[in-house]
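In UniProt numbering, the protein residues as written are 1 to 130. Ideal Cβ placement from N, Cα and C applies to all residues, glycine included. Please read the structure below before turning to the comments.
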Amino acid sequence: MAIIEGGRDEEGDLEMDKKVVSPSPISAFKETVQKDKGLIVFFPGIPGCAKSALCKELLNTPGGLGDDRPVHSLMGDLIKVKYWQKIADERRKKPYSVILADKNAPNEEVWRQIEGMCRSTQASAVPVNT
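Quick look at the structure:
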């Protein structure tokens, strides 16, 4: 077998390499998260891993996450009531919003609370390991 001019092979049975463009993380995110549902972005556990800085950057990003849903962040250090209950209350008030849960979600009990919030408000949850 030999490759001849024009990128064809002699027998015509080889496919030419096609350029494949990888989707950006944002476009992949846009394609997998339903826009008519809410979203809870949470952090599984490492203290001092720049959660607040990441949440602030997401809040300050022009256009948010690229859709029309409002984005809110609740900083765990500033919430004096039970944090995850406050998140659940916010989910019920604004079921289509994106909530950045700026607090560690370190154990199974918290994950179950997040799962319950998702079920009751038809939201998706995204754990972010930083």
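Straight-line Cα distance separating residue j from residue i
i      : j      : result
Glu57  : Gln122 : 26 Å
Val41  : Asp89  : 16 Å
Ile114 : Ala125 : 7 Å
Pro70  : Gly116 : 21 Å
Ile79  : Lys51  : 15 Å
Residue i, DSSP secondary structure in three states
i      : result
Asp87  : A small correction: the amino acid at residue 87 is Ile; Asp does not occupy that position in the sequence shown. In this structure, Ile87 counts as helix in the three-state DSSP scheme.
Leu58  : helix
Ala125 : strand
Start-to-end residues for the beta strand (DSSP E) that takes in residue i
i      : result
Asn104 : Val98 to Asn104
Gly38  : Gly38 to Phe43
Leu65  : Here Leu65 belongs to no beta strand (DSSP E), and DSSP marks it neither H nor E.
Nearest to residue i (by Cα), restricted to the options the options
i      : options                        : result
Ala105 : Cys49, Gly38 and Lys93         : Cys49
Asp102 : Gly38, Gly66, Ile46 and Cys55  : Cys55
Asn129 : Asp36, Pro44 and Arg112        : Pro44
Gly63  : Cys118, Leu74, Gln85 and Val98 : Val98
Residue span of the alpha helix (DSSP H) that contains residue i, given as start and end
i      : result
Val110 : Glu108 to Thr121
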